[in-house]
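Protein chains in written order, with the UniProt record's numbering: chain U, 1 to 190; chain C, 1 to 190. Note that beta-carbon positions come from the ideal geometry of N, C-alpha and C, so glycine has one too. These numbers come from a predicted model, not from an experiment. Beneath this line is the structure, given in structure tokens, with notes to follow.
There are 2 protein chains.
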Amino acid sequence: MSNAKKTDLRIQLTRKLIWNALLDLMEDREFESLTVKEICDQAMVHRTTFYKHFEDKYQLLSYGLDEIRELLDQQNSKDRFFHPIQTLESIGHLRLFKIIWKSEKKNNFFSGILQNKAEDALKKELHSIETLMGKSVVPIDVITAFISGAVSSLVVYWLENHEKINAKELDDYMNLMINKEVLFSGKIQP
Amino acid sequence: MSNAKKTDLRIQLTRKLIWNALLDLMEDREFESLTVKEICDQAMVHRTTFYKHFEDKYQLLSYGLDEIRELLDQQNSKDRFFHPIQTLESIGHLRLFKIIWKSEKKNNFFSGILQNKAEDALKKELHSIETLMGKSVVPIDVITAFISGAVSSLVVYWLENHEKINAKELDDYMNLMINKEVLFSGKIQP
Numbered sequence: 001m002s003n004a005k006k007t008d009l010r011i012q013l014t015r016k017l018i019w020n021a022l023l024d025l026m027e028d029r030e031f032e033s034l035t036v037k038e039i040c041d042q043a044m045v046h047r048t049t050f051y052k053h054f055e056d057k058y059q060l061l062s063y064g065l066d067e068i069r070e071l072l073d074q075q076n077s078k079d080r081f082f083h084p085i086q087t088l089e090s091i092g093h094l095r096l097f098k099i100i101w102k103s104e105k106k107n108n109f110f111s112g113i114l115q116n117k118a119e120d121a122l123k124k125e126l127h128s129i130e131t132l133m134g135k136s137v138v139p140i141d142v143i144t145a146f147i148s149g150a151v152s153s154l155v156v157y158w159l160e161n162h163e164k165i166n167a168k169e170l171d172d173y174m175n176l177m178i179n180k181e182v183l184f185s186g187k188i189q190p
Numbered sequence: 001m002s003n004a005k006k007t008d009l010r011i012q013l014t015r016k017l018i019w020n021a022l023l024d025l026m027e028d029r030e031f032e033s034l035t036v037k038e039i040c041d042q043a044m045v046h047r048t049t050f051y052k053h054f055e056d057k058y059q060l061l062s063y064g065l066d067e068i069r070e071l072l073d074q075q076n077s078k079d080r081f082f083h084p085i086q087t088l089e090s091i092g093h094l095r096l097f098k099i100i101w102k103s104e105k106k107n108n109f110f111s112g113i114l115q116n117k118a119e120d121a122l123k124k125e126l127h128s129i130e131t132l133m134g135k136s137v138v139p140i141d142v143i144t145a146f147i148s149g150a151v152s153s154l155v156v157y158w159l160e161n162h163e164k165i166n167a168k169e170l171d172d173y174m175n176l177m178i179n180k181e182v183l184f185s186g187k188i189q190p
């Protein structure tokens, strides 16, 4: 290996080390509350080393997220579209996603409460439909996750665009996009 | 009106007044950073009045959210299921939802970046499908909101349950639940 390549590898390793220290700390603490000193202590590197590689903790964070984005960009686009979860699994970094999701869940205090409420109502609804129609092909928990996510996202879209699209149009589109035939053997209609 | 009823009405009005003051403040500030004193100043009520009705700002918040939940509970469950956005519109409180969504968007720093990235990729994908297949029944922005929300939610479900359900199963379920025939005239298949 050439000296230049060795140096390059050492740079990569140091950055990874610091990035992993950040993830370690984020298991229990919020990103905002962390200091560069704490990240250095966790990584067992000197502060001057940190500043050789990153301006601050925000730059460290975008370094880490850029890595993930690059990995996602490299995936086949058809795969990404039809197999989003397998694609996510294949690039690894499950730990990062868990940490991100955990830290944001804490912050999503309001919509968390409302979403739980909506999910409970939806689950109840789906169970009573199942009693009438027989077991669904897709487990009810999965239908609930799918529909509640899709609807929350459409609600946000509506909040941003209600001047140009009305609630009824969006509900109609939503009903078109959900494959009810598969979910309930085509027996239930709005 | 009886004296008891008048008192009851006055209590309701005071609570609404304090709740609206909280919403006013949350237009620009984060909930966590607000003090009871600031809420009282905004509502132009004395602190003792506040504490006659609420223990602290958290109890004020759950009072407000409970009101919304009650309104949602009163809606016809079939309506809620098939017309979620019209249901939300019919109960009013658009302002509250906007504030909640705005305040959480600020917090969702990480997944915000990743989600934007995913939405951009999805939109590009859908545009190239449209070029091949002709215009979709549902506008691409709406499809993007729907699918990205559904997939994000399934990713969270997967992060929580990957011991009992694998990525391939979830992707397969997702593909079943999306009505591709409507979206792309049934011409595209995974």
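Can the beta-carbon of residue i be found closer than 7 Å to that of residue j?
| i | j | result |
| --- | --- | --- |
| C/Q12 | C/D24 | no |
| U/Q86 | C/A118 | no |
| C/G92 | U/S153 | no |
| C/S77 | U/E160 | no |
| C/H46 | U/D171 | no |
| C/G64 | C/W19 | yes |
| C/Y157 | U/A145 | yes |
| U/V36 | U/K57 | yes |
| U/N179 | C/N179 | yes |
Which bits of chain C does residue i rub up against, with CB to CB less than 7 Å?
| i | result |
| --- | --- |
| U/N175 | F82 |
| U/V137 | L176 |
| U/K168 | Q86 |
Less than 6 Å between C-beta atoms, sequence neighbours within five positions excluded: which residues of the same chain meet that for residue i?
| i | result |
| --- | --- |
| C/F54 | L60 |
| C/G186 | Residue placement at C/G186 is flagged as unreliable, the pLDDT there being 43, under the threshold of 50; the coordinate-derived value follows with that caveat. Correct list: empty, nothing qualifies. |
| C/E163 | none |
| residue 215 of chain U | A question about residue 215 of chain U goes unanswered here, because the residues of chain U that appear run from 1 up to 190. |
Along chain U, which residues have their Cβ under 8 Å away from the Cβ of residue i?
| i | result |
| --- | --- |
| C/I140 | By Cβ distance, chain U contributes nothing, its closest Cβ being about 11 Å from C/I140, past 8 Å. |
| C/I178 | M177, I178 and N179 |
| C/W19 | What C/W19 touches in chain U: nothing, since even the nearest Cβ is about 14 Å away. |
| C/F97 | V155 and L159 |
| C/K5 | Chain U residues near C/K5: none, gap ~30 Å exceeds 8 Å. |
Could you pull out every residue in the same chain whose Cβ sits closer than 7 Å to the Cβ of residue i, ignoring the five residues on either side in sequence?
| i | result |
| --- | --- |
| U/L176 | none |
| C/E38 | L25 |
| C/D79 | T87 |
| U/P190 | Confidence at U/P190 is low in this model, with a pLDDT of 40, below 50, so the placement of that residue should be treated as unreliable; the coordinate-derived value is given next. Excluding residues within five positions, the ones whose Cβ falls inside 7 Å are N175. |
| U/I99 | L23, M26 and E27 |
| U/T7 | none |
| U/C40 | H46, R47 and F50 |
| U/S62 | none |
| C/E181 | none |
Please name the residue or residues paired with residue i in a DSSP beta bridge.
| i | result |
| --- | --- |
| C/I165 | Its beta-bridge partners do not exist; DSSP assigns none. |
| U/I178 | C/I178 |
Skipping 5 residues on each side, what residues in its chain have a beta carbon closer than 8 Å to that of residue i?
| i | result |
| --- | --- |
| U/V151 | A118 and M174 |
| U/L96 | L23, G64 and I68 |
| U/R10 | none |
| C/Q75 | T87, S90 and I91 |
| C/L34 | L22, L25, M26 and K57 |
| C/N3 | none |
| residue 198 of chain U | As displayed, chain U neither begins before 1 nor continues past 190, which places residue 198 of chain U out of reach and without an answer. |
| U/I140 | K123, L126, H127 and E130 |
| C/N32 | Per the sequence presented here, residue 32 of chain C reads as Glu, with Asn not at that position. Closer than 8 Å at the Cβ level, and outside the excluded window around C/E32, lies no residue. |
Residue range of the alpha helix (DSSP H) that residue i falls in?
| i | result |
| --- | --- |
| U/H53 | R47 to H53 |
| C/G64 | K57 to Q74 |
| U/N20 | N3 to M26 |
| C/V36 | V36 to A43 |
| C/I85 | P84 to S90 |
So, is the C-beta of residue i closer than 7 Å to a C-beta in chain A?
| i | result |
| --- | --- |
| C/F146 | Here chain A cannot be found, since the structure's protein chains are U and C. |
Please compile the residues from chain U whose C-beta is within a distance smaller than 9 Å of the C-beta of residue i.
| i | result |
| --- | --- |
| C/D171 | F82, H83, P84, I85, Q86 and T87 |
| C/L154 | P84, I85, V142, A145, F146 and G149 |
Residue i versus chain C: which residues are under 9 Å apart at the beta carbon?
| i | result |
| --- | --- |
| U/I143 | Y173 and M177 |
So which residues on chain C does residue i lean against when the C-beta distance must stay under 8 Å?
| i | result |
| --- | --- |
| U/Y157 | D141, V142 and A145 |
| U/V45 | Near U/V45 there are no residues of chain C at all, since even the closest Cβ is about 23 Å away, more than 8 Å. |
For residue i, return the contacting residues in chain U, with the cut-off set at a CB-CB distance below 7 Å.
| i | result |
| --- | --- |
| C/E125 | S77 and F81 |
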